[in-house]
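**Q** Numbers given in the numbering used here equal positions in the sequence shown, counted from 1, plus 12.
For glycine and all other residues, C-beta sits at the position ideal for the given N, C-alpha and C.
Since the model is a prediction, treat every value here as computed from it, not as a measurement.
Below is one structure. I have some questions about it.
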Amino acid sequence: MRPTAARTVAVWAAACCLIGARDGKLPDALVAGWKGQPACELLSQSATNRVLKCTFKPGTGHERHFHPANFGYALSGGVMRLTDAKGTRVATIKTGSSFTSAGTEWHEAVNIGKTTVAYLIVEEWPAQP
13 MRPTAARTVA VWAAACCLIG ARDGKLPDAL VAGWKGQPAC ELLSQSATNR VLKCTFKPGT
73 GHERHFHPAN FGYALSGGVM RLTDAKGTRV ATIKTGSSFT SAGTEWHEAV NIGKTTVAYL
133 IVEEWPAQP
């Protein structure tokens, strides 16, 4: 069975977005990186939201972090291993796919594919506990 674009987006959103309140102990997506290197860059910030561009070369990822409510858009797709409170799974991200989330208590990701994965994420900011 071939997944539809809508199903791919739904899997991406479910894999990335565990709804819950952050506990204040984890870094946000901008602060969290990978082995001391940044994973995301701040493109824009206002009084109510911010835009990040996150890029993951093969073999790199994003250490455990939280997200406030957000919308994301995949600039370039690939294969990511995602871990959250529900477990670990593999998600194939399609270029041009998008996702929304009411927030992510915590998750972490590693690019296990052969291509660089990059996306834009627009988050409510500042994050509310």
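#1: For V129, count the other beta carbons within 10 Å of its own beta carbon; 16 or more makes it buried, fewer makes it exposed. Which is it?
#2: With a Cβ-Cβ cutoff of 8 Å, do A139 and D40 count as a contact?
#3: At a cut of 8 Å, does the segment 108-123 reach the segment 73-85 through at least three beta carbon pairs?
#4: If I'm right that T112 touches F83 with Cβ under 8 Å, what's the distance once you round it to whole angstroms?
#5: Kindly indicate which three-state DSSP category L94 falls into: helix, strand or coil?
#6: Quick one: grab the DSSP three-state call for L38.
#7: Distance check for L38 and A44, CA to CA, integer angstroms please.
#8: When we look at the beta-carbon of A59 and count the other beta-carbons within 10 Å, is it buried (16 or more) or exposed?
#9: Distance, Cα to Cα, K106 vs V63?
#10: Out of L42, S56, Q57, point me to the one whose CA is closest to P50's CA.
**A** Taking the definition as stated:
#1: In the sequence shown, the residue the question calls residue 129 occupies position 117. For V129, the number of other beta carbons within 10 angstroms of its own is at least 16, and it is reported as buried.
#2: What you label residue 139 is simply residue 127 of the sequence shown in a count that begins at 1. What you label residue 40 is simply residue 28 of the sequence shown in a count that begins at 1. Yes; because the gap between Cβ atoms is below 8 Å, this pair is in contact.
#3: yes
#4: Counting from 1 along the sequence shown, the entry for residue 112 is found at position 100. Counting from 1 along the sequence shown, the entry for residue 83 is found at position 71. Going by Cβ atoms, the distance from T112 to F83 rounds to 5 Å, so yes, they are a contact pair.
#5: Taking the first residue of the sequence shown as 1, we reach residue 94 at position 82. Three-state DSSP puts L94 in a strand.
#6: Against the sequence shown, residue 38 aligns to sequence position 26. If DSSP states are grouped into helix, strand and coil, L38 belongs with coil.
#7: On the sequence shown, residue 44 is found 32 positions in, with the first residue counted as 1. On the sequence shown, residue 38 is found 26 positions in, with the first residue counted as 1. Rounded to whole angstroms, the separation of the alpha carbons of L38 and A44 is 8 Å.
#8: Counted from its first residue, the sequence shown places residue 59 at position 47. Result: exposed.
#9: Position 94 of the sequence shown, counting from 1, holds the residue named residue 106. Position 51 of the sequence shown, counting from 1, holds the residue named residue 63. If you take the alpha carbons of K106 and V63, they lie about 20 Å apart.
#10: Counting from 1 along the sequence shown, the entry for residue 50 is found at position 38. With distances taken between Cα atoms, P50 lies closest to L42.
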